[in-house]
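Peer 1: After the structure tokens below, expect a handful of questions from me.
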Amino acid sequence: MSVTIAGTADSLNRHAVTYKSTIQQDLRQELEFENFLNPVACDNTYSAPNVTFSEVIQPYQWQFTQKGGSTFDAVENKLQKIKIDILLTGDDLEKFWDSWMVEWHEIGKDVGSWTFPRFIYNQAVIPKLIEEMNSNAWSGVYAAPTPGTPGASSSSVNGYAKVIADAVTNSDITPINTGAFVSTTMVDQIETWCDALPEPYRDLPGDILISSTHARAYERDYRAKFGPGNSVINPNNELRVDATNKTLRPVAAMEGSSRIIFVPRNIQNMIWGTRRGYSTYPVIRWEVDERSVKGMAEFYRFYGFEHWGHVFINDQT
Amino acid sequence: MANDKMTSEELQKAIDEQKKIIQEQDAAIKKAKSNGQKVSEPVEGSYTANWKTPTGEAMKKKIEFVNGAINLRVPRLDGFGIQVGKIVPSRAVFALANGKKVKEEDIATFPNLADISKEQAQAIITYFAQIGAACIK
């Protein structure tokens, strides 16, 4: 079997084109925030009007008595251009084929054409993309790269944590205080937080995004207080918050954070954006260059909100 | 740092230096805001809260808010009813808790302030102190 660098790049490109929809679907399904939240598309900046009135109704009198101070503003979500530059050297490929591939057997498959691209995509590229995009969606903080030097993955885009922190700093969002979470009072703290939502939103059905660790603490506190451990068959595996129409939604990417975010089910507000006319997820182009194969892709992202008035968070970061 | 051995001239010089630093900081904040940068604004006011811990320990603390916490949401406390979850300016709650008059501009923007009593304002701040809210310095 003869394997060349040019052939490797060719087979990687053929795999990328043939399985584009499958690769994109894999990415979409595995990305916690992007699978759950609404995507929007724009050319550069997604701008949503942020208009509020203080109070508009008043008792009747014939004179015009102005009331209801209005605030006209907009929430602007600017796309960040992100890229992938991968290099597979001829030495790496030689080692792969001569040392490791001999141990592989795939009955009925054209090994020379397909195994390597599938391995690279399914075992290496896609899992790593998912891991980094998930993490960046929450904890990314954009920093312009030094020319000629690759920047950190976490510096490629501002994640929700940064967007929320900036909005709190700017007084765009006013948190509902929970104080620090305590494992033995989690249920009470979450219920009190739900009860402190403004009346129009208090009973809206929706999800409360929370880190997996705090979600587990909630379940265990619930179990200790009302569940099977208390002689009552009342499991709460779906992590509902009783009598509030809300359930906790554990997000692994939020690990280490004590932030909780209420996402009403019938209001599109917490969004992520991509560039209009461009591929939503990265599509890697493979090119041969000086005893190596280069993989390159560009894509766009922002993580943000449409209307600050619909964002409900707690005070912990 | 001022101490007992400073002369009045030295003290005045130290004050002038501090004033200059504050002016420079104010100018920097103003410039940053005009450029669209996000800046935490300081919160006017304080309140000395008294409460008892679940173990019966008496607590007393002067409560001030961190920069940027210029508004707060009314917490779920007994007797608050429809007010719960509404946004009110922090400085107005401090003013109410200390028995002072709330600024007209705050009432115009947040009409629900008129329904918050002195005792309720005190209860809000004390509650935040009890739970260790992040907005407290």
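Here the protein sequences come in this chain order: A and B.
Position 50 of the first sequence, counted from 1, bears residue number 75 in the numbering used here, the numbering being contiguous throughout.
Position 79 of the second sequence, counted from 1, bears residue number 112 in the numbering used here, the numbering being contiguous throughout.
The beta-carbon is built from N, C-alpha and C at its ideal position, and this holds for glycine as well.
As the structure is a computational prediction, the values presented were derived from the model and not from experiment.
Assuming Tyr160 (chain B) contacts Leu105 (chain B) under a Cβ cut-off of 8 Å, what Cβ separation, rounded to an integer in Å, is found between them?
Peer 2: The residue labelled residue 160 (chain B) in the question sits at position 127 within the second sequence. The residue labelled residue 105 (chain B) in the question sits at position 72 within the second sequence. That pair is no contact at about 10 Å.
Peer 1: Should the stretch 269-276 of chain A be regarded as contacting the stretch 215-222 of chain A, the criterion being three or more beta carbon pairs within less than 8 Å?
Peer 2: Contact between the stretch 269-276 of chain A and the stretch 215-222 of chain A is present: three or more C-beta pairs spanning the two stretches fall below 8 Å.
Peer 1: I need the boundaries of the alpha helix (DSSP H) containing Lys46 (chain B), first residue and last residue.
Peer 2: Working through the second sequence from its first residue, we reach residue 46 (chain B) at position 13. It spans Ser41 to Ser67 - the alpha helix (DSSP H) in which Lys46 (chain B) sits, taken as one unbroken run.
Peer 1: Would you tell me roughly how many angstroms separate the C-alpha atoms of Ile111 (chain A) and Lys319 (chain A), rounded to the nearest one?
Peer 2: Here residue 111 (chain A) refers to the residue found at position 86 of the first sequence. Here residue 319 (chain A) refers to the residue found at position 294 of the first sequence. The alpha-carbon atoms of Ile111 (chain A) and Lys319 (chain A) are separated by roughly 6 Å.
Peer 1: Among B:Glu137, B:Ala141, B:Pro122 and B:Phe127, which has the Cα closest to the Cα of Gln91 (chain A)?
Peer 2: Start at 1 with the first residue of the first sequence, and residue 91 (chain A) comes out as number 66. Gln91 (chain A) has its Cα closest to that of B:Ala141, out of B:Glu137, B:Ala141, B:Pro122 and B:Phe127.
Peer 1: Do Val107 (chain B) and Gly89 (chain B) count as a contact pair if the criterion is CB distance below 8 Å?
Peer 2: Working through the second sequence from its first residue, we reach residue 89 (chain B) at position 56. Working through the second sequence from its first residue, we reach residue 107 (chain B) at position 74. No, Cβ-Cβ distance for Gly89 (chain B) and Val107 (chain B) is not below 8 Å.
Peer 1: For a contact defined as C-beta to C-beta under 9 Å, what are the partners of Leu146 (chain B) on chain A?
Peer 2: For the purposes of this step, residue 146 (chain B) is taken as residue 113 along the second sequence, with counting starting at 1. Here the premise fails: no neighbours, minimum Cβ distance about 11 Å.
Peer 1: Quick check on Thr142 (chain B) - is its C-beta less than 8 Å from some C-beta in chain A?
Peer 2: Along the second sequence, one-based indexing puts residue 142 (chain B) at 109. It does: the Cβ of Thr142 (chain B) has a partner Cβ on chain A nearer than 8 Å.
Peer 1: Taking all protein chains shown into account, do 16 or more other C-beta atoms lie within 10 angstroms of the C-beta of Tyr85 (chain A), making it buried, or fewer, making it exposed?
Peer 2: Locating residue 85 (chain A) in the first sequence gives position 60, where the first residue counts as 1. Tyr85 (chain A) counts as exposed, since fewer than 16 other beta carbons sit within 10 angstroms of its beta carbon.
Peer 1: Does DSSP put Asp232 (chain A) in a helix, a strand or coil?
Peer 2: Working through the first sequence from its first residue, we reach residue 232 (chain A) at position 207. Three-state DSSP puts Asp232 (chain A) in a strand.
Peer 1: Relative to the C-alpha of Ser150 (chain B), which residue among B:Phe143, B:Gly132, B:Gly165 and B:Lys136 is closest?
Peer 2: Along the second sequence, one-based indexing puts residue 150 (chain B) at 117. Closest option to Ser150 (chain B), Cα to Cα, is B:Gly132.
Peer 1: Hey, is the stretch 281-297 of chain A in contact with the stretch 228-236 of chain A, meaning 3+ C-beta pairs nearer than 8 Å?
Peer 2: Yes, the stretch 281-297 of chain A touches the stretch 228-236 of chain A.
Peer 1: From the beta carbon of Glu224 (chain A), is the nearest beta carbon of chain B less than 8 Å away?
Peer 2: As a first step, residue 224 (chain A) must be located in the first sequence, where it is residue number 199. Chain B, which has a Cβ nearer than 8 Å to the Cβ of Glu224 (chain A), makes this yes.
Peer 1: If Val182 (chain A) and Glu331 (chain A) are in contact, beta carbons under 8 Å, what's the gap, nearest whole angstrom?
Peer 2: Walking along the first sequence from the start, residue 182 (chain A) turns up at place 157. Walking along the first sequence from the start, residue 331 (chain A) turns up at place 306. Not confirmed; about 18 Å, so no contact.
Peer 1: Under 7 Å Cβ to Cβ from Gly93 (chain A), same chain only, skipping five residues before and after it: list those, please.
Peer 2: Numbered from 1 along the first sequence, position 68 holds the residue referred to as residue 93 (chain A). Excluding the 5 residues flanking it on each side, Gly93 (chain A) has same chain C-beta neighbours closer than 7 Å at Phe78, Ser79, Glu80 and Val81, in chain order.
Peer 1: Please state the DSSP three-state secondary structure of Gly114 (chain B).
Peer 2: Along the second sequence, read from residue 1 onward, the residue named residue 114 (chain B) stands at position 81. If DSSP states are grouped into helix, strand and coil, Gly114 (chain B) belongs with the helices.
Peer 1: Which word fits Gln83 (chain A), buried or exposed, when buried means at least 16 other C-beta atoms lie within 10 angstroms of its C-beta?
Peer 2: Against the first sequence, residue 83 (chain A) aligns to sequence position 58. Gln83 (chain A) comes out exposed.
Peer 1: Looking only at its chain, what residues have a beta carbon closer than 8 Å to the beta carbon of Gln105 (chain A), apart from the 5 residues adjacent to it on each side?
Peer 2: Residue numbering aside, residue 105 (chain A) sits at position 80 when the first sequence is read from its first letter. These residues qualify, in order along the chain: Tyr167, Ser181, Val182, Asn183, Tyr325, Arg326 and Phe327.
Peer 1: Step through the CB atoms of chain B and report whether any lies within less than 8 Å of the CB of Ile107 (chain A).
Peer 2: Here residue 107 (chain A) corresponds to residue number 82 of the first sequence, with the count starting at 1. False, the Cβ-Cβ gap to chain B never drops below 8 Å.
Peer 1: Under the assumption that Gly165 (chain B) contacts Ala205 (chain A) (Cβ atoms under 8 Å), give the Cβ distance between them as a whole number of angstroms.
Peer 2: Position 132 of the second sequence holds residue 165 (chain B). Position 180 of the first sequence holds residue 205 (chain A). Right, the Cβ-Cβ distance comes to about 6 Å (below 8 Å), so this counts as a contact.
Peer 1: Please specify which runs of the alpha helix (DSSP H), each continuous and at least 4 residues long, are wholly inside the stretch 113-201 of chain A, giving them in chain order.
Peer 2: 115-120, 136-143, 151-164 and 185-194
Peer 1: Using a Cβ-Cβ cut-off of less than 8 Å, list which residues of the stretch 109-120 of chain B approach chain A; keep chain order.
Peer 2: Arg109, Ile115, Val117, Gly118, Lys119 and Ile120
Peer 1: Let me see if you follow: with CB-CB separation under 8 Å, is Asp228 (chain A) close to chain B or not?
Peer 2: Mapped onto the first sequence, residue 228 (chain A) falls at position 203. Chain B contact via Cβ: absent.
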